[in-house]
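J.: Supplied in structure tokens, the structure appears directly below.
Right, dumping it as structure tokens:
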């Protein structure tokens, strides 16, 4: 006789699930609308997507329920709310970039927007759970959608990029499954909190096997976060996808990955596990340094920015390695400021996108920006500002993130790491300056294959304007921002 | 007078933003007017400044990132007062003497932004605000050198930027560490320099932090062996860029030593007296010899700058009132003199589009006025008594004599060596027969050039004869600085050393 299963509906804590449901329902509604009429313009779908994202955001910000929900699968704590806010704001800004002047293949399909919403839901699940299984499901949902979004750009290189990303991603997913399996075998649970308890209680018994599990997880997360040496896909994939999507990829999937990494590595960092710390230390240092070196010799701005994003991911990963509360706050501060700066700079590339194939099969060679200050001074000034911000020149936004991050490294006794970060910032300046040099100090190249400002319109200008405002005026709102971040980080105990 | 410093900082920036609207044919007058107003404001500040008060004046305070102890905190004392006036003055003079024609509007806007950052550096009392202005000053300079410079301009500007940026990032880590130490000792976060001055640090920590700050300042000064960016930057920069670079930007480094390194790390400073003295000495003699070997007039002056900055460093690390006061005076005088010299080279470059000494000769016959002004500036640069250059150089050397007579005697060679390369430059350029027929038709200085150069000549002579107006307020603040160092020093040797070098004129 099987006991009848009775579950109290209140114990499910449905509100913890509501934000993701909004995104999923939104996606379904978009698909349904498409069934009725085929002639609808992309602007409708863009606005619908933004509306759903706003409802989603409202539910996230207003969430007051308990942290646990849905059979303990959901785990909505402070950093989950914070990262969902980042994801949703970045997504809303990104999707506005679809309203560009030129028409592109992917935006003709409503499925693009539906897939986009599914992806957002996937990311939200990833950050709002400490069950490895739900994290895996979220990871896969979002990744599958993302592969398709890349491929929909419908150029030979986009397809190549999508396939490359998919193959590598499949391997990473296998790694994740293997890692989870090992931890399940060791502890009998897939919940990170229980895994942590069991491991600590058993004083890390079976250490070699734990380390194998850690290595698998590093492989999986490292792929998602494009940490060196799992970064090889990143430049090609960024190169193959549209600039807007590349900007998106450098921010949103990574913050989701950071949250998972934060939750996972916290188990080991909290007890100062020497091996794991050493592995992470090495990965952080090479992730900051090597892409920096490679970025120096790039001839295409987008690839340069791709490598620079990898290096920035290394910086943020440093925060996870440090593991103090201040470092976690620094991670969020860094990533929020990075969001606007990087999205802004990729949007600036998007503005210059033309449909003509330019030299060497590259969309944005440095030469294209030669003497930009002569033809469109404001665009050049804005791009220059983004580059200085990425380089960490005060008072632009990312400097404050960098300062706070290096400060947290210093405070936690990681002086060498702080110096490595400082030196890497100095190396990075060179390639950011390279673009500034092209824009401001060189004469324009006379080549009609290179079209600048070909894709600009009011919507894009608005998105860039928002980014510029935040980049320039950041000094004013660092304080309230930091206060909010500290609040959320502290209530979730990281 | 509540907000005079904020007005001084942000007036040029606001004016620069508004300059975008001004028509490009009228922009020169706009730029000069703004710079003149800024100078009058700074002169008014000097008038209101209480010369007997050695502490900070006109202070303003506003928290910016309260949780991390960063605040907008500005104020001046006798140490920074004249550097600010020199900054506003030299900016005004360089704009008056500006002969650049290409993209004049962008250039003037950039110079005004640069003026904001330079004033900001000298008035900031919060380490992070100091750092913000310090770094931000690189960007306009990068643009000035890179856009209006010579053939190698891009290489020169990037080298300048990267070099200084790397050094200051190391300094940033030092600042963050110091703030951390402060929070550990007092429980509160602060980047306020006045708060930091209360800290007593152990010797080892002082040494490490001294080195971190040294990385930032020494590259900016520049001290040998970190000086290699300077000849390129000067050689490639347009005249106005060289003038501002030599007159103001280099002084940021030496100012940083006085403002940060000395009071924060007194024991480390005492320990580093001789090493810094030796480095300075190498800079003085080595670059003087390199300057002698140059064929480009601008390079001669660029290397002579490095050499003079060495004397300033020597004076600072004498750690007595004479030395520090003298080096501050030398900063002002070097600002005026080297600015004027670069401007003079600019004058001849505008006419001939070359700066090679071999192209000239006998200019005194065709350009008598020019030769006179050049001669006066040259004498001031060499340090002839009764010119502005003598006072600072003499005091700096006098100060260091109390530390090490041998090093000082060796450094005294700078006057001889300086005289050698400068007089050779003068001889090759101005005396002898006119070998190059093109030079016969050269016009003497006129109009705008006279307007820019005459005030400089007057200052050079006036302050050379009567340096008291500057020396008095400077000495008041320096005395207090030295006292702070003496009180804060933790090792008895350092205390004794500071006391012993500060006995000039007492032991009779």
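Chains as they are written, first to last, in my numbering: chain A, 1 to 494; chain B, 1001 to 1508.
Positions of the beta carbon are idealized from the N, C-alpha and C atoms, including for glycine.
All figures in this text were calculated on a predicted structure; none of them were measured in a lab.
(1) Helix, strand or coil: how does DSSP classify residue 1099 (chain B) here?
(2) Shorter than 8 Å from the beta carbon of residue 1131 (chain B) to some beta carbon of chain A?
(3) With DSSP collapsed to three states, give me the class of residue 1071 (chain B).
(4) What does residue 1067 (chain B) reach in chain A if we use C-beta pairs closer than 8 Å?
(5) State the Cα-Cα distance for the pair residue 1385 (chain B) and residue 1285 (chain B), rounded to the nearest angstrom.
(6) Nearest by alpha-carbon distance to residue 1219 (chain B): which of B:1358, B:1254, B:1479, B:1240 is it?
(7) Based on the DSSP secondary-structure assignment, which residues constitute the bridge partners of residue 129 (chain A)?
(8) Between B:1364, B:1411, B:1350, which lies nearest to residue 1239 (chain B) when the distance is taken from Cα to Cα?
(9) DSSP three-state call for residue 1359 (chain B): helix, strand or coil?
(10) For the candidate residues A:335, A:375, A:135, whose alpha-carbon lies nearest to that of residue 173 (chain A)?
(11) So what does DSSP say about residue 1076 (chain B), is it helix, strand or coil?
(12) Could you give the DSSP three-state label for residue 1197 (chain B): helix, strand or coil?
(13) Just to confirm, are residue 50 (chain A) and residue 98 (chain A) a CB contact at a threshold of 8 Å?
(14) Between the beta-carbon of residue 1094 (chain B) and the beta-carbon of residue 1324 (chain B), is there less than 8 Å?
(15) Report yes if the C-beta distance between residue 351 (chain A) and residue 96 (chain A) is below 8 Å; otherwise report no.
(16) Considering only C-alpha positions, which residue in the set B:1441, B:1337, B:1495, B:1341 is nearest to residue 1086 (chain B)?
(17) Could you check the C-alpha separation between residue 20 (chain A) and residue 90 (chain A) for me, to the nearest Å?
(18) Buried or exposed: which applies to residue 249 (chain A), given that a residue is buried once 16 or more other Cβ atoms fall within 10 Å of its Cβ?
(19) Considering only the beta carbon of each residue, do residue 1201 (chain B) and residue 1164 (chain B) sit closer than 8 Å?
(20) Residue range of the alpha helix (DSSP H) that residue 1214 (chain B) falls in?
(21) Report the three-state DSSP secondary structure of residue 1057 (chain B) (helix, strand or coil).
(22) I'd like the ranges of any alpha helix (DSSP H) spanning at least 4 consecutive residues and lying wholly in the segment 66-124 of chain A.
(23) Which residue comes first and which comes last in the alpha helix (DSSP H) that contains residue 1333 (chain B)?
(24) Are the segment 1469-1489 of chain B and the segment 1175-1195 of chain B in contact at 8 Å, needing three or more beta carbon pairs?
(25) Name, going along the chain, the residues of the segment 1214-1241 of chain B whose beta-carbon falls closer than 7 Å to a beta-carbon of chain A.
(26) So what does DSSP say about residue 7 (chain A), is it helix, strand or coil?
(27) What does residue 1192 (chain B) pair with, by DSSP beta-bridge criteria?
(28) Could you tell me whether the Cβ of residue 334 (chain A) comes closer than 8 Å to any Cβ of chain B?
(29) With a threshold of 6 Å on Cβ separation, who are the neighbours of residue 242 (chain A) within its own chain once the five nearest residues in sequence on each side are excluded?
(30) Could you give the DSSP three-state label for residue 1507 (chain B): helix, strand or coil?
(31) Give me the chain A residues within the contact set of residue 1146 (chain B), using Cβ-Cβ distance strictly less than 8 Å, ordered along the chain.
(32) To the nearest angstrom, how far is the alpha carbon of residue 1247 (chain B) from that of residue 1077 (chain B)?
(33) Classify residue 23 (chain A) as buried or exposed, calling it buried when 16 or more other Cβ atoms lie within 10 Å of its own Cβ.
(34) How long is the line joining the alpha carbons of residue 1359 (chain B) and residue 1375 (chain B), rounded to whole angstroms?
(35) Give a yes or no on whether the C-beta atoms belonging to residue 460 (chain A) and residue 379 (chain A) are separated by under 8 Å.
(36) Of all the options B:1310, B:1440, B:1487, which has the alpha carbon lying nearest to the alpha carbon of residue 1418 (chain B)?
T.: With the given structure in hand:
(1) Here residue 1099 (chain B) carries a coil assignment [DSSP, helix/strand/coil].
(2) Taking Cβ atoms only, chain A reaches closer than 8 Å to residue 1131 (chain B), which makes this a yes.
(3) Note: residue 1071 (chain B) maps to strand in three-state DSSP.
(4) Within 8 Å Cβ-Cβ: 479, 482, 483, 486.
(5) Going by the C-alpha atoms only, they are around 21 Å apart.
(6) Checking every option, the nearest Cα to that of residue 1219 (chain B) belongs to B:1254.
(7) Beta-bridge analysis with DSSP links residue 129 (chain A) to A:74.
(8) Checked all of B:1364, B:1411, B:1350; the closest Cα to residue 1239 (chain B) is B:1350.
(9) It is helical.
(10) It is A:135.
(11) If DSSP states are grouped into helix, strand and coil, residue 1076 (chain B) belongs with the strands.
(12) Three-state result, residue 1197 (chain B): coil.
(13) No. Outside cutoff.
(14) A distance of 8 Å or more separates the beta carbons of residue 1094 (chain B) and residue 1324 (chain B).
(15) A distance of 8 Å or more separates the beta carbons of residue 351 (chain A) and residue 96 (chain A).
(16) That would be B:1337, whose Cα lies nearest to the Cα of residue 1086 (chain B).
(17) Rounded to whole angstroms, residue 20 (chain A) to residue 90 (chain A) spans 16 Å at the Cα level.
(18) Looking at its Cβ environment, which holds 16 or more other Cβ atoms inside 10 Å, residue 249 (chain A) is buried.
(19) Between residue 1201 (chain B) and residue 1164 (chain B), the C-beta gap is not smaller than 8 Å, which leaves the two residues out of contact.
(20) Counted as a single uninterrupted DSSP element, the alpha helix (DSSP H) harbouring residue 1214 (chain B) occupies residues 1203-1220.
(21) Note: residue 1057 (chain B) maps to strand in three-state DSSP.
(22) Counting only runs of 4 or more, we get 78-96.
(23) Taken as a continuous stretch (DSSP letters only), the alpha helix (DSSP H) holding residue 1333 (chain B) covers 1321-1352.
(24) No contact exists between the segment 1469-1489 of chain B and the segment 1175-1195 of chain B.
(25) Legend: CB atoms of the segment 1214-1241 of chain B lying less than 7 Å from CB atoms of chain A are not found in any residue.
(26) If DSSP states are grouped into helix, strand and coil, residue 7 (chain A) belongs with coil.
(27) Residue pairing by DSSP places residue 1192 (chain B) opposite B:1126 in a beta bridge.
(28) For residue 334 (chain A), no CB of chain B lies under 8 Å from its own CB, so it is not counted at the interface with that chain.
(29) Result list for residue 242 (chain A): 153, in chain order.
(30) With a pLDDT of 47 at residue 1507 (chain B), under the threshold of 50, the predicted position of this residue should be treated as unreliable, though the coordinate-derived value follows. Here residue 1507 (chain B) sits in coil by DSSP.
(31) Residues of chain A passing the Cβ test: 437, 440, 441.
(32) So the two alpha carbons sit approximately 20 Å from each other.
(33) So residue 23 (chain A) ends up on the buried side.
(34) Straight-line Cα distance between these residues: approximately 19 Å.
(35) Taking 8 Å as the Cβ cut-off, residue 460 (chain A) and residue 379 (chain A) do not qualify as a contacting pair.
(36) It is B:1310.
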